[in-house]
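**Student:** Provided herewith is a single structure, encoded as C-alpha cells, for subsequent inquiry.
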Amino acid sequence: MSSSLESQAKTEELFRLQPQKVVPAFGLHPWFTSSITLLDGAESGDQELDKRAHYREILVKKHYPTSSIGRSDTQQEDERRRKDRMEIWEWIDCHLHLLPKPIRLENFLVGLRQRLMRFPTSVMGEIGLDKAFTFHIKPSPVIHPTRGSNEKDDGDQPVTEDRVIKSKYKVSIGHQLQILEKQIELAIELRRPISLHCVQAPTELLGLIDELIGRWGVRFTGLLSNHRITAKKSKTGPAQMGSENPTLQADSGGDKDTTQEHGIKLCWHSPNISVEVLQQTLRKLPQTAYFSYSSELAMLSDSRAPSNKAHPGLAQPQCDETAVLDNKRYSTRAVQAIRATPLDRLLLESDHAADPVLIDNKLHQIFHLVRVVKSPQSAGSSGLPSDDYSLDSHSDRLARQIEANWNRFYAGA
C-alpha cells in the first residue's frame, strides 16, 4: 500500500520482487498531501517563492467547514484568523529551507495513471481525508562521521540520525479534498477498487461522495440511477442493512442485483465511525461500500500503553460505555458499528506497525470480536455475551464470508 510520493516506486519494486504475493496499491495518503501544490504557476523556477506560497496556502491552525473557508461571522473571528495566519507564515519562513518542494497535482496524476495502467491488478490507495494529523517535517537524515563518547563504538561506521520537526498546524481539509477527488475520479475512470482513509472527516467525505454520484452515476455506484438508490433506501431502511440482524448468515455471492454494473468498490480502512455515518455511507453506496475493522481502534488499551505506530497521535475511541470480552475492553461505538455492518461488506484490518507474528495476533483479536458481535447471542444487546461456547460452529462460515468479501472487493481490479 503506497502512502507518500517516494513509496509509489517502493510498492512497484516489491510487486516486481514478489508478484505472486503482493497486491500493489498506488495513491497519495492524506498525511502526504502537503507534497502536492494546486497553485497555478508553480515550479516557475524560484524554488523558495514556490514553497513559501504553497505552504502558506495549505497550512492552517484549525480546520474550518469548507463552506466557511475565507469568511467569518464576526470581527473578533477575523482578527483571530489573521493572527493565526501570521503565526503560520512566521513558522514557514523559519523552516523554509527544510520544507520539501512540492510537485504539481497534474504531474503526480500522470505518474499515478501510468503505474495503475502498468499494473492492471493494482488498487487505488491508500487515499483519503484526515483532520487529526498534524503536519511535520522530516529532513534528510544527518550523518555523523563518528559516534559520541557515550555511544557504543562499532569502529568508524557513520551514525545516521533521523529527525522529525513537529508543528502545531494541519493541512487544510479543502486541499485534501481536491487531491482525494482527483484520485477517486482516476480510480473510477480506470475501474479500480479504492482503499480509503478517513479520520474525523465524515461530513466532508459524504459530501464528496454525493458530488461524485452526481457526476459519475452508475460508473461510481453500480446503480442504474439515483432513483434506484432512493427506492432501495425506502424499501430496506437502515435496520435491514445490518443494524438489527447481526447473525451469521453467510452470503458469498456477488452484488445484490447482478443486472447492474459493478461500480467502484470502496473499502473504509480502520473506520472509527458511528452507526449513523455507516448507514449514510451504505445508503449512498449500497452496492460498493466495505468496512475493514481494526483491533487497534476497537480495543480500549491502558493509557500507559504505547500508541499504535501505524496511526501516530490517534486518540483512543471515546465512548460512554465499554464492552468486555476475554478481559479486554472494547469501545461500544466499535461494537455497534460492527453489528450494523452487513456481513457481505465486512473486512478485517492488517495495517499494524508490528512484526508478522503480532499482526496475526491482532487479526485473531478482531476476528474473535466480530465473531461474538455477529453471533445470535449478541443480537439486540449493547454489550457482548459472556459465553462463546456456541460460537465455534460459526468461525469457519465467518472466515469464508470475509474471504468472499475480499474476493468480491478485489474483483474490481
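Using full-length UniProt numbering, you'd call the opening residue of the sequence shown number 1 and step up by one each time.
Just so you know, even glycine gets a beta-carbon here, dropped at the ideal spot from N, CA and C.
1. Leaving out five residues on either side along the sequence, give the residues of the same chain with a beta carbon under 6 Å from the beta carbon of Phe133.
2. Please report the residue range of the alpha helix (DSSP H) in which Val372 lies.
3. Whole angstroms is fine: what's the gap from Leu348's alpha carbon to Phe367's?
4. Out of curiosity, what's the CA-to-CA distance linking Lys256 and Val277?
5. Is the number of C-beta pairs between the segment 189-201 and the segment 91-101 that are closer than 8 Å three or more?
6. When DSSP builds the beta bridges, which residues end up paired with Ile36?
7. Using the DSSP secondary-structure output, state which residues sit across from Phe291 in a beta bridge.
8. Check whether the Cβ atoms of Ser292 and His262 sit closer than 7 Å, and answer yes or no.
9. Please say whether Ile36 and Ile179 have beta carbons closer to each other than 7 Å?
10. If you drop the 5 nearest sequence neighbours on each side, which residues of the same chain put their C-beta closer than 6 Å to that of Val22?
11. Quick check: the Cα distance between Asp78 and Thr281, rounded to an integer number of angstroms?
12. Pick from Val275, Gln287 and Ile273: whose alpha carbon is nearest that of Leu266?
13. Could you have a look at Phe119 and say whether DSSP puts it in helix, strand or coil?
14. Would you call the CB atoms of Phe135 and Ser167 closer than 7 Å?
15. Would you decide whether Lys10 is buried or exposed? Buried here means 16 or more other CB atoms lie within 10 Å of its CB.
16. Can you give me the start and stop residues for the beta strand (DSSP E) that Val164 sits inside?
17. Can you tell me whether Leu196 is helix, strand or coil according to DSSP?
18. Have a look at Thr221, Ile359 and Leu38 and flag the residue whose alpha-carbon is nearest the alpha-carbon of Phe108.
19. Using the C-alpha atoms, what's the distance from Leu98 back to Lys51?
20. Excluding sequence positions up to five away, which residues of its chain have a Cβ less than 6 Å from the Cβ of Leu17?
21. Among Gln76, Arg85, Leu96 and Asn407, whose alpha-carbon lies nearest the alpha-carbon of Lys61?
22. Taking the CB atoms as reference points, tell me whether Leu112 and Phe220 lie closer together than 7 Å.
23. Considering just the uninterrupted stretch of the beta strand (DSSP E) at Lys328, what are its terminal residues?
24. If contacts are defined as beta-carbon pairs under 8 Å, then Leu369 and Ser350 qualify, I think. What distance do you get, rounded to the angstrom?
25. Check for me: the alpha helix (DSSP H) holding Trp216 runs from which residue to which?
26. Gln401 to Ile137, Cα distance in whole Å?
27. Could you work out which residue in Tyr330, Gln8, Ala289 and Arg215 is closest to Gln365 when comparing CA atoms only?
28. Assuming Arg192 and Met124 make a contact with CB atoms under 8 Å, what is their CB distance in whole Å?
29. In chain order, what residues of the same chain lie with their CB nearer than 6 Å to the CB of Gln176, ignoring the 5 residues before and after it?
30. Could you tell me if Ile209 is buried or exposed, where buried requires 16 or more neighbouring beta carbons within 10 angstroms of its beta carbon?
31. Within a Cβ cutoff of 8 Å, which residues of the same chain sit near Leu212, ignoring the five residues on either side of it in sequence?
32. Does DSSP put His175 in a helix, in a strand, or in coil?
33. Which residue's Cα is closest to the Cα of Ala340: His54, Val275, Leu96 and Glu57?
34. How many Å lie between Gly217 and Val357 at the Cα?
35. Can you give me the C-alpha to C-alpha distance between Ile359 and Ser294, rounded to a whole angstrom?
**Tutor:** So, from the data block:
1. Closer than 6 Å at the Cβ level, and outside the excluded window around Phe133, lie Trp31.
2. Pro356 to Val373
3. Leu348 and Phe367: Cα-Cα distance of roughly 7 Å.
4. Summary for Lys256: the model assigns pLDDT 46, below 50, so the residue's position carries little reliability, and this model does not support an answer.
5. Contact fails: fewer than three Cβ-Cβ distances are below 8 Å.
6. Ile103
7. Trp268 and Leu346
8. no
9. yes
10. Leu14 and Phe15
11. 35 Å
12. For the options Val275, Gln287 and Ile273, the alpha carbon positioned closest to that of Leu266 is the one of Gln287.
13. coil
14. yes
15. exposed
16. Premise fails: Val164 is in no beta strand (DSSP E) and is neither H nor E.
17. In the three-state scheme derived from DSSP, where H, G and I count as helix and E and B as strand, Leu196 is classed as strand.
18. Nearest option by C-alpha distance: Leu38.
19. 10 Å
20. In the same chain as Leu17, and ignoring 5 residues on each side of it, no C-beta atom comes closer than 6 Å to its own.
21. With distances taken between Cα atoms, Lys61 lies closest to Arg85.
22. no
23. Lys328 to Ser331
24. In fact, because the Cβ distance is near 15 Å, the residues do not count as touching under 8 Å.
25. Pro202 to Trp216
26. One C-alpha to the other measures close to 42 Å.
27. Tyr330
28. Confirmed, Cβ separation roughly 5 Å.
29. Pro30, Thr33 and Leu129
30. buried
31. If you ignore the 5 residues before and after Leu212, its C-beta comes within less than 8 Å of the C-beta of Glu181, Ile184, Glu185, Ile188 and Phe220, all in its own chain and listed in chain order.
32. helix
33. Val275
34. 43 Å
35. A straight-line Cα-Cα distance of about 11 Å links Ile359 and Ser294.
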